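Student: Below is the structure I would like to discuss, written out as structure tokens.
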Amino acid sequence: MGDYLKLVNCSPLSGEMIRQAILDQASLPRPLHVLDCHQMPEEKLAGAVADADVIFGDFTLKTRITKNVISAARNLKLIQQPSAGFDHIDVQACRHAGIQVANTPGANDIAVAEHTLMLALACLKKLALVHRQTQQGNWLQYKALELGVCELAGKTYGLLGMGHTARALALRLQAFDVVLKYHSRTPLTAEEEEKYQANYLGLKDLLSQADILSIHLPLTEETRGMVGSKELELMKPGAVLINVARGGIVDEAALARALKNNRLSAAGLDVFEHEPVEGNNPLLGLENVIVTSHVAGATVESGQRIFTMAIKNVIRALQNMAPLHVV
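Heads up, the final residue of the sequence shown is numbered 326 in numbering that gives the first Met the number 0, and it's a clean run with no missing numbers.
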């Protein structure tokens, strides 16, 4: 046991801010030292974590916590990820090393649900196109039918995944009078289906019936490339695809082809396989695509909730208490 507690901060947040937030809320058995390591190379990060008690993860997912980094950690109690996603952490290596990894589930559900709904409405209303044309002085008031502007009411809305975020979205969709269907590895109970007014379908049936399909799945070996050419071919002609989960779940080249051929009418994308999105991505520049830069969960309110949850869990670990939300 050293003379101080050590936290390795892999996020772009100020280490001093994290340290002060911890000390404002807790009494610790020893002084706390925080080391800023955002985007530190693997070899240097391995050295930094050798005597660390806690790692505060990177919500930008850029500072990777690899097997080599984990192997170097001798005293690590917890890796606290200040986000729902933890793709950049080798969880299997952590499991073998007996190191717990926790995230902040539910903290950004409202933000992502609202963003998803915004993208769906924007696609149906041709918002980006109408905005650009109006800015250029072109008045499209009488061309709604020609443009294919549609209402959300009465449409079949499909949820691919039925976790916390999808459930938050389902509650909000009830106000829009949609027919709600979902596909999930674990179906809801009858009581939950009644609460969310959602009915389970197999994947193929969901794809073929949904007018709007939004993706709410983690990126795993099972879900990587899950929506490819075959799946897109199953979708209704003119359907809308929304992805606020992870870019790697969708075959981007296949989606670009479906949009260029007007097989799908539109897509709203907050995530890409490679981020920041590369300039040669085939989805960029398409008239029927609305893109945002992985900001669905980033609001003032969600940021406060995430930071609060993460700090409280770090304190639990530093006080030798069992952490919450272990993945």
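Virtual Cβ for every residue (Gly too), placed ideally from N, Cα, C.
Keep in mind it's a predicted model, so treat the numbers as computed, not measured.
Would the region 115-128 count as touching the region 180-196 if we require 3 or more Cβ pairs under 8 Å?
Tutor: Touching, no, given that fewer than three Cβ pairs across the two stretches are closer than 8 Å.
Student: State whether the region 87-105 contacts the region 281-296, with contact taken as three or more CB pairs (one from each stretch) at a distance under 8 Å.
Tutor: Segments in contact, no.
Student: Check N280 in the structure and name its three-state DSSP category.
Tutor: Correct three-state label for N280: coil.
Student: Can you list, in chain order, the residues of its chain with a C-beta nearer than 7 Å to that of D176? Leave out the 5 residues immediately preceding and following it.
Tutor: So the list reads A152, G153, once near-sequence residues are dropped.
Student: Below 8 Å CB to CB, which residues in the same chain sit around A209 once its five sequence neighbours on both sides are set aside?
Tutor: Correct list, in chain order: T155, Y156, G157, K180, M234, K235, A238.
Student: In the DSSP assignment, what residue or residues form a beta bridge with N242?
Tutor: The partner list for N242 (beta bridge, DSSP) reads I214, L268.
Student: In its own chain, which residues sit with a C-beta less than 8 Å from the C-beta of Y199, not counting the 5 before and 5 after it?
Tutor: K180, Y181, H182, S183, P186, L187, E192.
Student: Excluding the five sequence neighbours on either side, which residues of its own chain have a C-beta within less than 8 Å of the C-beta of T133, listed in chain order?
Tutor: Answer for T133: L139, listed in chain order.
Student: Who are the near neighbours of V298 in its chain, counting only those whose CB is closer than 7 Å to its CB and skipping five residues on each side?
Tutor: The residue asked about is misnamed: residue 298 is Thr in this sequence, not Val. Once the five neighbours on either side are set aside, the close Cβ partners of T298 are A110.
Student: From what residue to what residue does the alpha helix (DSSP H) around L146 run?
Tutor: Per DSSP, L146 belongs to the alpha helix (DSSP H) from 143-146.
Student: Which residues mark the beginning and the end of the beta strand (DSSP E) in which Y201 is found?
Tutor: Checking the sequence shown, residue 201 turns out to be Gly, not Tyr. Taken as a continuous stretch (DSSP letters only), G201 belongs to no beta strand (DSSP E), as it is neither H nor E.
Student: Distance, Cα to Cα, N287 vs L144?
Tutor: Each residue's alpha carbon lies about 16 Å from the other.
Student: Buried or exposed: N242, going by 16 or more other Cβ atoms within 10 Å of its Cβ?
Tutor: Buried: at least 16 other Cβ atoms inside 10 Å.
Student: Give the C-beta separation of V53 and A316 to the nearest angstrom, bearing in mind that I take them to be a contact with Cβ-Cβ under 8 Å.
Tutor: Indeed, because the Cβ distance is near 5 Å, the residues count as touching under 8 Å.
Student: Is it buried or exposed, A119, if we count other Cβ atoms within 10 angstroms and call 16 or more buried?
Tutor: Result: buried.
Student: Could you give the first and the last residue of the continuous beta strand (DSSP E) run that contains V325?
Tutor: That residue, V325, is in no beta strand (DSSP E); it is neither H nor E in DSSP.
Student: Determine the extent of the alpha helix (DSSP H) in which T155 is found, giving its start and end residues.
Tutor: Taken as a continuous stretch (DSSP letters only), T155 belongs to no alpha helix (DSSP H), being part of the beta strand (DSSP E) at 155-159.
Student: Check whether the Cβ atoms of A121 and I98 lie closer than 8 Å to each other.
Tutor: Not closer than 8 Å, so no.
Student: Restricting to Cα atoms, I'd like to know which of E230, K229, E113 is closest to A343.
Tutor: Missing from the structure shown is residue 343; the chain here goes from 0 to 326 and no further.
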